[in-house]
Amino acid sequence: MKLKCERSKYPSFLLGLLLPALAACASAQGYVEAGRRDLIFGDPNRAVVNFSRAAEIAPDRVHFSTFPEGALTYLGRAYYALGRLADARRTLEEAVSRYPNDNLAKLYFGLVLAREGDRARGLRYIEDGLRGVHEWLDYMEYRHHWRGQFWDPNKEIRSRIQKTLAMISSGQVDWPRLIAEAEWAGQHMEEEIDLARRDESDERSRDGDSRRKHRP
Numbered sequence: 022m023k024l025k026c027e028r029s030k031y032p033s034f035l036l037g038l039l040l041p042a043l044a045a046c047a048s049a050q051g052y053v054e055a056g057r058r059d060l061i062f063g064d065p066n067r068a069v070v071n072f073s074r075a076a077e078i079a080p081d082r083v084h085f086s087t088f089p090e091g092a093l094t095y096l097g098r099a100y101y102a103l104g105r106l107a108d109a110r111r112t113l114e115e116a117v118s119r120y121p122n123d124n125l126a127k128l129y130f131g132l133v134l135a136r137e138g139d140r141a142r143g144l145r146y147i148e149d150g151l152r153g154v155h156e157w158l159d160y161m162e163y164r165h166h167w168r169g170q171f172w173d174p175n176k177e178i179r180s181r182i183q184k185t186l187a188m189i190s191s192g193q194v195d196w197p198r199l200i201a202e203a204e205w206a207g208q209h210m211e212e213e214i215d216l217a218r219r220d221e222s223d224e225r226s227r228d229g230d231s232r233r234k235h236r237p
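Under the numbering used here, the residue at position 209 of the sequence shown is numbered 230, and the numbers go up by one with no gaps.
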């Protein structure tokens with residue numbers, strides 16, 4: 022049986038047996054959060070350490086936040102930031118295989134391929150990754166309206182992606198610009214996780230204050 026890292030999905034009589042594994046899930050979450058901070062704030066060497074630990078504990082887990090992104094994707098991105106392209110390619114290729122809905126795995130795998138000279142194949146993955154991110158943001162907006170309102174509320178990410186996809190469709194690919202825009206999209210989606218989380222928490226706090234004020 023594959024373990025799911027949500028405590029509430031298990032009946033109480035099984036929890037005693039599963040507590041060590043659930044604790045491991047929590048550890049993986051902690052390593053990913055630490056690694057994300059390292060990656061965002063410019064310490065990819067430390068990010069590799071944290072993401073490697075998370076990938077050892079939960080290699081198949083893709084949801085460390087609302088946005089689907091697996092531990093192997095994070096590890097591949099840290100390798101990419103360090104310029105360790107061979108390690109990034111190996112790790113991201115596995116991430117693409119394990120996480121079919123992980124669009125940043127596709128995006129960064131495409132970036133690695135493009136930087137290594139396989140531009141035709143890299144372009145396909147970059148395009149698929151960008152399109153998938155755009156579609157995920159649209160899905161959140163239109164199908165999960167309350168939570169979706171906190172993701173890319175000004176549509177800045179989607180607007181930039183649309184322009185990049187239009188360039189790809191034109192057949193006139195400016196490779197330095199494409200790589201820069203793809204990296205921008207990946208970085209800003211990572212930052213969006215924290216922005217959406219913060220805005221959702223603020224909104225819940227305001228709702229709670231309002232309910233308390235109107236309570237008889």
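Even glycine gets a Cβ: it sits at the ideal position worked out from N, Cα and C.
Listed in chain order, the alpha helix (DSSP H) runs fully inside the region 159-224 are 166-169, 177-191, counting runs of at least 4 residues.
Our two residues, GLN183 and TRP205, have alpha carbons roughly 13 Å apart in a direct line. About 6 Å separates the CB atoms of TYR95 and VAL53; that is less than 8 Å, so the two are in contact.
Short of 7 Å from the beta carbon of HIS84, and not among the five residues preceding or following it, lies no beta carbon of its own chain. The Cβ atoms of ARG110 and GLY97 sit closer than 9 Å to each other. In this chain, the alpha helix (DSSP H) harbouring GLY131 covers 124-136. Ranked by how close their Cα comes to the Cα of ILE214, the residues MET161, TRP196, ALA79 have MET161 in first place. Note on geometry: alpha-carbon atoms of ILE200 and ALA126 lie some 15 Å from one another. The shortest CA-to-CA distance from ALA135 to any of PRO174, ALA203, ARG119, VAL69 is the one to ALA203.
Note that the C-beta distance between LEU128 and GLY150 is below 9 Å. Counting C-beta atoms within 10 angstroms of its own C-beta, GLY207 has 16 or more neighbours from the protein chains shown and is therefore classed as buried. About 5 Å separates the beta carbons of LEU158 and ASP173, which is inside the 8 Å limit, making them a contact pair. In this structure, the beta-carbon distance from ARG119 to LEU144 does not fall below 9 Å. C-alpha of ILE78 to C-alpha of HIS209: approximately 27 Å in a straight line. Taking GLU212 as the centre and dropping the five residues before and after it, the same chain places the C-beta of ILE61 closer than 8 Å to its C-beta, in chain order. In the structure shown, the three-state DSSP call for THR94 is helix. Bounds of the alpha helix (DSSP H) holding ASP108 are 106-119. Residue state for VAL83 is assigned as coil, using DSSP reduced to three classes. Of the residues assessed, TYR101 falls on the buried side of the cut-off, its CB having 16 or more other CB atoms within 10 angstroms.
Collapsing the DSSP output to three states places GLY56 in a helix.
Annotated as distal: ALA107 and VAL69, with beta-carbon spacing of 9 Å or more.
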